[in-house]
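Colleague: If you want my numbering, it's the 1-based position in the sequence shown plus 20.
The structure follows.
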Amino acid sequence: MENWTPEELRKLFAISKDWLTQQEELFGSTLPAATEENTPAVISEKQASLTAFQQQIAGCLSCKLGTGRKNLVFGSGNADARLMVIGEGPGADEDESGYPFVGRAGQLLTAILKAIQFSRQDVYIANIVKCRPPKNRAPEPDEVSSCMNHLNRQIEIIQPKIILALGSTAATSLLGKGTSLGDFRGKVHQYKGIPVVVTYHPAALLRDPNRKPATWEDVKFLRKLYDSAAG
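Set out below in C-alpha cells:
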C-alpha cells in the first residue's frame, strides 16, 4: 500500500465506509466491540475489489432488465467466504432495498443457513441476474447471458470453495440443461473447478412446504462436503 496515490487511498476509504454501512443495514446497527483480535488493519482486498466492481456496474444497461429496476442488487456478505450462495434474481423487496434475499424467502434462507451452522456473515449471497424481472418471472436467456459476466467476476474475486445453487435457474445457468431440478440434486457438480450443490429455492419452499425435507437433506449434504473440504 506504500505506493498508493492519495486519490487511490481516498477511494479505498470511501469503499470501506460503504461496506460498513451495508453491513449495518443488513445485520443491525450494533457492531461488535473493537478488539485487537477482530479489528482488521484495513478492509480486505477482496471486499475492496467487490465494492469497486459494484460501483463499476452500478449503471449497467446490458439487458432490458436494467431499464425497469429501482436498484441493482449486486450481492452481499463475506467477501472472504468459503461458501457462496447463488439464487435466481431479485424480487420486489430486493429491488427496493438493493440487497439479495431480504424478503420472506430471504428469511427462510437465513433459517436454513443457521440450521447448518452458518450465519449470513459467513457466506456471500448473489443471484444469476442483478435486476428484478417484471412480475418476478424467470430471467430470459439473453438476460442471463448478459449478467453471467458480472457473476463470474464476483466468483473470480471471492474464490469460494463451494457454491450452493438455489433453484432451477441457478442450476441450469451454472451447470447446463437438466430435465428437472431433481437431475441436479444429491450430486456434487463443478463450475469453473468449484464444487456445486443444488437445492430448491426458498421461494419454492414457501409455495410447497412438502419440499422442505428434501432441502434439509441437500443442505446437510452441503455441510458435510464443506467440512470435508475444510478438513
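Glycine is no exception: its CB is placed at the ideal position from the N, C-alpha and C atoms.
Quick check on L103: buried or exposed, where buried means 16 or more other Cβ atoms within 10 Å of its Cβ?
Modeller: Result: buried.
Colleague: So the alpha helix (DSSP H) Y246 belongs to, where does it begin and stop?
Modeller: From DSSP, the alpha helix (DSSP H) with Y246 extends over K232 to A250.
Colleague: Going by C-alpha to C-alpha distance, which of K207, A158 and I145 sits closest to I175?
Modeller: With distances taken between Cα atoms, I175 lies closest to I145.
Colleague: Which residue wins for smallest C-alpha separation from S139, given the options R173, N147 and L129?
Modeller: Measuring from the Cα of S139, the nearest candidate turns out to be L129.
Colleague: For the segment 146-153 and the segment 100-117, state whether three or more C-beta atom pairs, one from each stretch, are separated by less than 8 Å.
Modeller: With a cut-off of 8 Å, the segment 100-117 and the segment 146-153 count as touching, because enough Cβ pairs lie within range.
Colleague: Going by DSSP in three states, L186 sits in which element: helix, strand or coil?
Modeller: Reduced to three states, the DSSP call for L186 is strand.
Colleague: Would you mind sorting Q67 into buried or exposed? The rule is 16 or more other CB atoms within 10 Å of its CB.
Modeller: So Q67 ends up on the buried side.
Colleague: On the CB-based measure, 16 or more other CB atoms within 10 Å of its CB, does N230 come out buried or exposed?
Modeller: Classification for N230: exposed.
Colleague: Between the alpha carbons of L8 and L133, how many angstroms are there, rounded?
Modeller: Here the chain comprises residues numbered 21 to 251, so residue 8 is not present and cannot be evaluated.
Colleague: Across which residues does DSSP place A158 in a beta bridge pair?
Modeller: BP columns for A158 are empty, so no partner.
Colleague: Express the C-alpha separation of A78 and G111 in angstroms, rounding to a whole number.
Modeller: One C-alpha to the other measures close to 18 Å.
Colleague: For I178, which three-state DSSP category applies?
Modeller: In the structure shown, I178 sits in a helix (DSSP, three-state: H, G or I).
Colleague: So, are the CB atoms of V218 and A191 less than 8 Å apart?
Modeller: Against a cut-off of 8 Å, the Cβ pair of A191 and V218 comes out as a contact.
Colleague: Relative to the C-alpha of G206, which candidate in K244, S69, C80 and G95 has its C-alpha closest?
Modeller: The option with the nearest alpha carbon to G206 is K244.
Colleague: Under the assumption that P120 contacts S82 (Cβ atoms under 8 Å), give the Cβ distance between them as a whole number of angstroms.
Modeller: Going by Cβ atoms, the distance from P120 to S82 rounds to 19 Å, so no, they are not a contact pair.
Colleague: Considering just the uninterrupted stretch of the beta strand (DSSP E) at A146, what are its terminal residues?
Modeller: Its beta strand (DSSP E) spans residues Y144 to N147.
Colleague: Checking the sheet assignment: what are the DSSP bridge partners for W97?
Modeller: The sequence given here places Gly at residue 97; Trp does not occur at that position. According to DSSP, which records beta bridges pairwise, G97 is partnered with Y144.
Colleague: Label E237 either buried or exposed according to how many other C-beta atoms from any shown protein chain fall within 10 Å of its C-beta, with 16 as the threshold for buried.
Modeller: Exposed.
Colleague: What does the alpha-carbon distance come out to for the pair Q126 and P222?
Modeller: Before going on, a small fix: residue 126 reads as Gly here, not Gln. Roughly 7 Å between the two C-alpha positions.
Colleague: Does the beta-carbon distance from N98 to Q137 come in below 8 Å?
Modeller: No, these two residues do not count as a Cβ contact at 8 Å.
Colleague: In terms of residues, what are the limits of the beta strand (DSSP E) holding L3?
Modeller: Lying outside 21 to 251, the shown extent of the chain, residue 3 is not represented and no answer is given.
Colleague: To which residues of the same chain is T189 closer than 7 Å at the C-beta, ignoring the five residues directly before and after it?
Modeller: The answer, listed in chain order, is E108, I148, A158 and P159.
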